[in-house]
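Engineer: Chains as they are written, first to last, in full-length UniProt numbering: chain C, 1 to 302; chain F, 1 to 334; chain W, 1 to 275.
Glycine is no exception: its CB is placed at the ideal position from the N, C-alpha and C atoms.
Just so it is clear, the structure is predicted and the values come from calculations on it, not from any experiment.
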Amino acid sequence: MSTPPMDELFGDIDLEWEHRKNRAFRSLCFLSSILGLAALALLIADVLWEAYRGVSEYDIGIIHFITSTGSVNPDRAGMYGALVGSVLLIVLASIMTFFIGVGAAIYLEEYAPDTRLVRLIDANLANLAGVPSVVYGLVCFGLLINGPLDLGRIILVGAIALALVVLPIIIVSAMEALRAVPDSVRNGSYAIGATRWQTIRRVVLPAAMPGIMTGTILAIANAWGQTAPLLMVGAIASARHVPTGPFDDITALTVTIFDWAFRFQDQFHVLAAMGIVGLLVVLLGMNMVAIYIRSRYEKELS
Amino acid sequence: MSTDTDPEITSADGRVAADQRRDRLVQGGLFLCISFTLLTTLAIFWVLFNEATHFFFDGRFSDVVVSLLTGESVSQRITFVEFFAGERWDVTHSINPGYWVGPLVWGTFLITVGAAFVSIPIGTLTALYLSEYASQDVRKYLKPGLEILAGIPTIVYGFFAISFITPWLIRPAAELLGVQTRSANVAAGAIVVGIMTIPIVASISEDAMSSVPDDLRNGAYALGATKFDVSLGVVLPASVSGVFAAYILAISRAIGETMAVTIAAGFTPQIAFSPFVEIQTMTAYMVDAVRGEAVVGSIRYQSLFAVGLLLFIITLVMNLLNNKLKERYREEYR
Amino acid sequence: MATQEPDDKLISTEVSADETVRNERPDETVLAAKDLDVYYGEDRAIDDVSIEIPENKVTALIGPSGCGKSTFLRCINRMNDQIDVCRVDGDVVFKGKNVYDGDVDPVALRRKIGMVFQKPNPFPKSIRENVTYGLEVQGKPATEGDVERALRGAALYEEVHDKLDTSGLDLSGGQQQRLCIARAIAPDPEVILMDEPTSALDPVAASKIEDLIDTLVEEYTVIIVTHNMQQAARISDKTAVFLTGGELVEFDDTATIFENPADSRVEDYITGKFG
Numbered sequence: 001m002s003t004p005p006m007d008e009l010f011g012d013i014d015l016e017w018e019h020r021k022n023r024a025f026r027s028l029c030f031l032s033s034i035l036g037l038a039a040l041a042l043l044i045a046d047v048l049w050e051a052y053r054g055v056s057e058y059d060i061g062i063i064h065f066i067t068s069t070g071s072v073n074p075d076r077a078g079m080y081g082a083l084v085g086s087v088l089l090i091v092l093a094s095i096m097t098f099f100i101g102v103g104a105a106i107y108l109e110e111y112a113p114d115t116r117l118v119r120l121i122d123a124n125l126a127n128l129a130g131v132p133s134v135v136y137g138l139v140c141f142g143l144l145i146n147g148p149l150d151l152g153r154i155i156l157v158g159a160i161a162l163a164l165v166v167l168p169i170i171i172v173s174a175m176e177a178l179r180a181v182p183d184s185v186r187n188g189s190y191a192i193g194a195t196r197w198q199t200i201r202r203v204v205l206p207a208a209m210p211g212i213m214t215g216t217i218l219a220i221a222n223a224w225g226q227t228a229p230l231l232m233v234g235a236i237a238s239a240r241h242v243p244t245g246p247f248d249d250i251t252a253l254t255v256t257i258f259d260w261a262f263r264f265q266d267q268f269h270v271l272a273a274m275g276i277v278g279l280l281v282v283l284l285g286m287n288m289v290a291i292y293i294r295s296r297y298e299k300e301l302s
Numbered sequence: 001m002s003t004d005t006d007p008e009i010t011s012a013d014g015r016v017a018a019d020q021r022r023d024r025l026v027q028g029g030l031f032l033c034i035s036f037t038l039l040t041t042l043a044i045f046w047v048l049f050n051e052a053t054h055f056f057f058d059g060r061f062s063d064v065v066v067s068l069l070t071g072e073s074v075s076q077r078i079t080f081v082e083f084f085a086g087e088r089w090d091v092t093h094s095i096n097p098g099y100w101v102g103p104l105v106w107g108t109f110l111i112t113v114g115a116a117f118v119s120i121p122i123g124t125l126t127a128l129y130l131s132e133y134a135s136q137d138v139r140k141y142l143k144p145g146l147e148i149l150a151g152i153p154t155i156v157y158g159f160f161a162i163s164f165i166t167p168w169l170i171r172p173a174a175e176l177l178g179v180q181t182r183s184a185n186v187a188a189g190a191i192v193v194g195i196m197t198i199p200i201v202a203s204i205s206e207d208a209m210s211s212v213p214d215d216l217r218n219g220a221y222a223l224g225a226t227k228f229d230v231s232l233g234v235v236l237p238a239s240v241s242g243v244f245a246a247y248i249l250a251i252s253r254a255i256g257e258t259m260a261v262t263i264a265a266g267f268t269p270q271i272a273f274s275p276f277v278e279i280q281t282m283t284a285y286m287v288d289a290v291r292g293e294a295v296v297g298s299i300r301y302q303s304l305f306a307v308g309l310l311l312f313i314i315t316l317v318m319n320l321l322n323n324k325l326k327e328r329y330r331e332e333y334r
Numbered sequence: 001m002a003t004q005e006p007d008d009k010l011i012s013t014e015v016s017a018d019e020t021v022r023n024e025r026p027d028e029t030v031l032a033a034k035d036l037d038v039y040y041g042e043d044r045a046i047d048d049v050s051i052e053i054p055e056n057k058v059t060a061l062i063g064p065s066g067c068g069k070s071t072f073l074r075c076i077n078r079m080n081d082q083i084d085v086c087r088v089d090g091d092v093v094f095k096g097k098n099v100y101d102g103d104v105d106p107v108a109l110r111r112k113i114g115m116v117f118q119k120p121n122p123f124p125k126s127i128r129e130n131v132t133y134g135l136e137v138q139g140k141p142a143t144e145g146d147v148e149r150a151l152r153g154a155a156l157y158e159e160v161h162d163k164l165d166t167s168g169l170d171l172s173g174g175q176q177q178r179l180c181i182a183r184a185i186a187p188d189p190e191v192i193l194m195d196e197p198t199s200a201l202d203p204v205a206a207s208k209i210e211d212l213i214d215t216l217v218e219e220y221t222v223i224i225v226t227h228n229m230q231q232a233a234r235i236s237d238k239t240a241v242f243l244t245g246g247e248l249v250e251f252d253d254t255a256t257i258f259e260n261p262a263d264s265r266v267e268d269y270i271t272g273k274f275g
């Protein structure tokens with residue numbers, strides 16, 4: 001059978017313009033999505049370039065930069081004290097939030113009756129997650145430094161501020177992980193005669209743990225990059241001081257970067273870039289751990 | 001049939017009873033955990049409100065209440081009219097201080113609107129690309145890319161603004177137009193805040209678009225619609241409340257954003273209409289004031305809380321709006 | 001139940017007066033498949049199907065679930081193009097043109113071949129906008145007359161004429177499905193594909209759709225997938241039986257299929273021995 005040409009059958013339909021419109025729109029959408037990634041690439045390239053200038057133009061040794069404490073002399077300044085401060089801060093904040101956060105998530109997902117109070121808590125949680133982090137810092141400043149409690153400008157107060165910032169994030173992500181555990185798993189345990197807590201502890205929590213860990217690590221990564229709440233509770237750029245415990249004066253990597261970025265000399269500007277590289281490397285490490293846990297978990301499921 | 005109840009099932013005592021007691025104990029402990037979130041909210045309200053009262057009156061909220069109860073008079077130092085409709089913002093000026101929060105609100109407004117012009121179109125088109133056009137392979141790279149963009153600390157964006165955006169984009173543009181610009185300016189702040197809120201708009205909008213059932217898309221394709229028709233004529237209208245929720249959240253983030261705008265847009269509170277001038281946002285003022293050694297009891301210290309309370313209320317309203325919209329789009333396609 | 005029908009008739013195929021007239025018309029093939037194979041990845045969903053579908057008649061595609069009847073339907077207007085892993089070999093010929101030829105635009109094809117889905121899927125827009133959507137995407141201005149004609153064609157006009165601007169989602173399930181039919185016929189296609197259009201509806205709503213199909217066939221060629229054999233017997237002129245594995249076992253006049261099938265497997269299927 002001979003095949004008639006396209007025109008004969010669909011000649012009354014002109015799609016040329018419509019397809020062109022569709023292709024143009026597709027390209028526009030594609031370019032938009034690339035724009036975000038391009039900005040990311042540009043940002044990373046810019047930071048790396050400025051940090052590279054530090055090594056090449058100012059001859060700042062990388063080892064020297066990591067192992068020296070801060071200084072008003074850019075030739076001697078390093079990020080050691082700031083780094084120690086940041087690590088102390090997030091370790092304390094993680095300890096404070098992990099158990100409370102997971103406990104709260106378990107209550108809301110597994111126990112909470114559908115009462116007015118619980119609905120209020122639920123709505124409140126969504127709002128807490130949206131409170132700007134600078135406000136949490138201000139509240140700690142007013143309550144723990146200048147308020148009824150005068151703890152001073154110490155690491156512990158900074159850790160509390162960070163804990164307030166990440167607690168809603170941890171609760172929400174842990175709730176999602178618990179929700180992902182199918183009810184058939186719970187019913188199987190109940191059918192054997194386990195109580196609710198036995199079911200949660202022996203069946204639900206182990207199943208949800210990878211998801212909870214992933215969410216927690218991402219929340220801690222968020223805390224690692226926070227600056228504003230720490231500034232509000234009086235964190236300063238580390239000078240020679242290396243904090244050793246929760247009651248030492250507060251200092252942090254991000255705050256030090258902020259300080260350097262504002263100094264007049266170009267050499268401090270490149271120091272800030274080197275500090276950012278350090279900040280981002282740790283962040284990348286945390287994200288890789290989270291991705292590793294997530295991918296291993298996905299394999300287990302399939 | 002025996003009428004005696006079987007002790008094994010009623011768990012009047014023994015192992016089962018102990019297990020159940022532990023269950024209730026744990027439940028109480030877990031409730032304590034969740035009550036922390038309520039305590040936090042109460043603390044936010046109390047601290048901000050209490051200290052902000054001192055900005056306007058001769059004493060904290062608690063002092064004012066005590067004074068009123070004992071019949072003492074309370075004098076107001078700064079009127080609300082002055083705060084909301086004064087002349088300028090300069091709380092530390094020794095002779096002629098100004099207490100009008102307007103310039104700070106204006107600074108925040110400029111940054112937010114500018115950022116929305118960047119994040120809303122780009123984020124929405126990205127979401128449409130991800131949900132309607134992109135192949136699995138492209139999605140595999142695009143989505144983690146956006147996640148990384150969302151995870152970059154805001155201080156890094158601030159650094160990016162002063163080390164790249166301003167010298168390489170804003171300054172040449174200003175020179176082309178023949179205007180002056182400074183190392184801190186509105187445009188750079190708005191652009192970086194816009195970039196950092198793209199992932200919020202894109203990922204939440206895409207969630208809403210993906211929840212539009214395929215039945216609707218197929219209905220349109222079967223009528224001879226192109227992807228363009230389906231994207232803009234079916235998917236976008238059907239997911240509109242979710243998409244708006246994404247916009248609101250992004251705007252709320254932009255309002256509360258602190259480090260990037262502090263570094264990029266500066267410390268000069270003023271009502272300006274040019275993208276090339278330095279301004280100050282509410283959040284940048286808070287950083288500025290606290291770094292300037294705000295001594296307890298000083299007007300500078302109290303102004304921190306007045307501005308903080310205003311910021312908190314604005315973002316709270318945005319968040320409540322966002323929750324309402326989110327509820328609506330969850331109900332739409334069940 | 002049909003099983004209570006007397007002696008040799010397996011299922012009643014009593015025909016309406018219209019249908020008798022229709023049956024006397026000579027068959028003119030509007031659509032044909034030739035050696036059609038469809039794969040989802042490695043799995044074969046349609047196995048070497050050849051069929052010639054007559055114009056202005058109702059052709060029913062029946063068979064057990066998973067037999068490929070819906071897949072076949074979606075090949076006709078190339079809705080399977082939407083599925084990445086789907087691969088089609090062989091020809092589907094519409095009015096002498098293979099729709100899988102390189103120069104055929106699926107978007108143009110779908111403007112000639114309308115489709116109604118299993119689950120009613122009105123757009124979250126007003127009733128009027130639902131009806132005019134097809135004309136709009138085709139760049140044709142839609143008049144009030146077009147809206148009325150399509151809604152009357154779908155036997156829905158009397159029920160909704162005073163609320164055309166309310167949401168299509170506010171209608172009942174059966175009304176929604178008739179709205180989808182109105183939407184499909186508004187741009188005046190030549191063929192209407194129906195993928196189990198009544199399976200999500202209650203019996204009363206379903207019978208309205210069946211009546212409607214009877215009138216639609218005056219103007220359009222209707223191809224309907226159904227899992228309901230009684231329905232196929234009631235409304236179709238021709239019936240194609242697919243069996244598991246995507247094989248077309250028998251295709252003939254509906255009366256022949258239900259009363260005197262050539263293939264014993266078809267007889268087994270119709271009498272309920274399997275499927």
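(1) By the DSSP assignment, the beta strand (DSSP E) with Ala60 of chain W in it spans what residues?
(2) Have a look at F:Ile195, F:Ile162, F:Ile198 and flag the residue whose alpha-carbon is nearest the alpha-carbon of Arg182 of chain F.
(3) Work out the CA separation of Leu231 of chain C and Ile59 of chain F for me, nearest whole Å.
(4) May I ask you to report which of helix, strand or coil DSSP gives Val104 of chain W?
(5) Could you name the residues of chain C that Arg111 of chain W contacts, counting a contact when the two beta carbons are closer than 7 Å?
(6) Any beta carbon of chain C sitting closer than 9 Å to that of Asp188 of chain W?
(7) For residue 364 of chain W, which beta-bridge partners are listed by DSSP?
(8) Please classify Phe117 of chain F as buried or exposed, where buried requires at least 16 other C-beta atoms within 10 Å of its C-beta.
(9) Residues in its own chain within less than 6 Å of Ile224 of chain W by CB, not counting five upstream and five downstream?
(10) For Trp94 of chain C, report the span of its alpha helix (DSSP H) as first-last.
(11) Could you tell me if Tyr141 of chain F is buried or exposed, where buried requires 16 or more neighbouring beta carbons within 10 angstroms of its beta carbon?
(12) Let's test the definition: count the other Cβ atoms within 10 Å of the Cβ of Asn127 of chain C and tell me whether it reaches 16, buried, or not, exposed.
(13) Taking only three categories from DSSP, how would you classify Met1 of chain C?
(14) Is Gly145 of chain F close to chain C? Criterion is C-beta to C-beta, closer than 9 Å.
(15) Asp14 of chain C: buried (16+ other C-beta within 10 angstroms of its C-beta) or exposed?
(16) Determine the closest residue to Ala290 of chain C out of C:Ser33, C:Leu218, C:Arg119, with distance taken between C-alpha atoms.
(17) Answer yes or no: does any C-beta atom of chain F fall closer than 9 Å to that of Asn80 of chain W?
(18) Counting Cβ pairs closer than 8 Å, one from the region 111-126 of chain C and one from the region 296-304 of chain F, do we hit at least three?
(19) Can you pull the chain C residues whose beta carbon is under 8 Å from the beta carbon of Leu133 of chain F, in chain order?
(20) Using a beta-carbon distance cut-off of less than 7 Å, what residues from the region 131-147 of chain W approach chain F?
(21) Would Thr256 of chain C and Gly142 of chain C qualify as a contact pair, given that the criterion is a beta-carbon distance under 9 Å?
(22) What number of angstroms, rounded off, separates the C-alpha of Val64 of chain F from the C-alpha of Tyr58 of chain C?
(23) Taking the alpha-carbon positions, what's the His161 of chain W to Val104 of chain W distance?
(24) In chain order, what residues of the region 211-232 of chain C put their CB closer than 8 Å to some CB of chain F?
(25) Against Arg328 of chain F, what residues of chain C qualify as contacts under a CB-to-CB distance less than 8 Å, listed in chain order?
(26) Looking at the structure shown, is Val74 of chain F part of a helix, part of a strand, or coil, going by DSSP?
(27) Kindly say whether Asp215 of chain F, judged by its beta-carbon, lies nearer than 9 Å to any beta-carbon of chain W.
(28) In its own chain, which residues sit with a C-beta less than 7 Å from the C-beta of Asp114 of chain C, not counting the 5 before and 5 after it?
(29) Assign Gly275 of chain W to one of three DSSP states: helix, strand, or coil.
(30) With a Cβ-Cβ cutoff of 9 Å, do Gly174 of chain W and Ser126 of chain W count as a contact?
(31) Leaving out five residues on either side along the sequence, give the residues of the same chain with a beta carbon under 7 Å from the beta carbon of Thr5 of chain F.
(32) Whose C-alpha, out of W:Gly246, W:Ala45, W:Glu28, W:Lys34, is nearest the C-alpha of Ile51 of chain W?
(33) Return yes when the Cβ of Ala206 of chain W is within less than 9 Å of the Cβ of Arg178 of chain W, no when it is not.
(34) List the residues of chain W whose Cβ lies closer than 7 Å to the Cβ of Asp229 of chain F, in chain order.
(35) Under DSSP, the beta strand (DSSP E) around Phe242 of chain W begins and ends at which residues?
Structural biologist: So, to answer that:
(1) 58-62
(2) F:Ile162
(3) The sequence shown places Gly at residue 59 of chain F, not Ile. Taking the straight line from one Cα to the other gives about 26 Å.
(4) coil
(5) Ile13
(6) no
(7) For chain W, the structure presents residues 1 to 275; residue 364 of chain W sits outside this window and is missing.
(8) exposed
(9) Ala60, Met194
(10) A quick correction: the sequence has Ser, not Trp, at residue 94 of chain C. First-last of the alpha helix (DSSP H) with Ser94 of chain C: 80-106.
(11) exposed
(12) buried
(13) For Met1 of chain C, the pLDDT reaches just 46, beneath the cut-off of 50, and the residue's location in the model is therefore unreliable, leaving the point undetermined.
(14) yes
(15) exposed
(16) C:Leu218
(17) no
(18) no
(19) Note on identity: in this sequence residue 133 of chain F is Tyr, with Leu being the wrong assignment. By Cβ distance, chain C contributes Arg26, Cys29, Phe30.
(20) Tyr133, Gly134, Val137, Gln138
(21) no
(22) 58 Å
(23) 38 Å
(24) Leu218, Ala221, Asn222, Trp224, Gly225, Gln226, Thr227, Ala228, Leu231, Met232
(25) Neighbours of Arg328 of chain F on chain C: none; closest Cβ ~14 Å, over 8 Å.
(26) coil
(27) yes
(28) none
(29) Note on Gly275 of chain W: pLDDT 47, under 50, position unreliable in the model; the coordinate value appears next. Gly275 of chain W falls in the coil class under three-state DSSP.
(30) no
(31) Confidence in Thr5 of chain F is poor, its pLDDT being 49 and thus under 50, which makes the residue's placement too unreliable to answer from.
(32) W:Lys34
(33) no
(34) Val137
(35) 238-243
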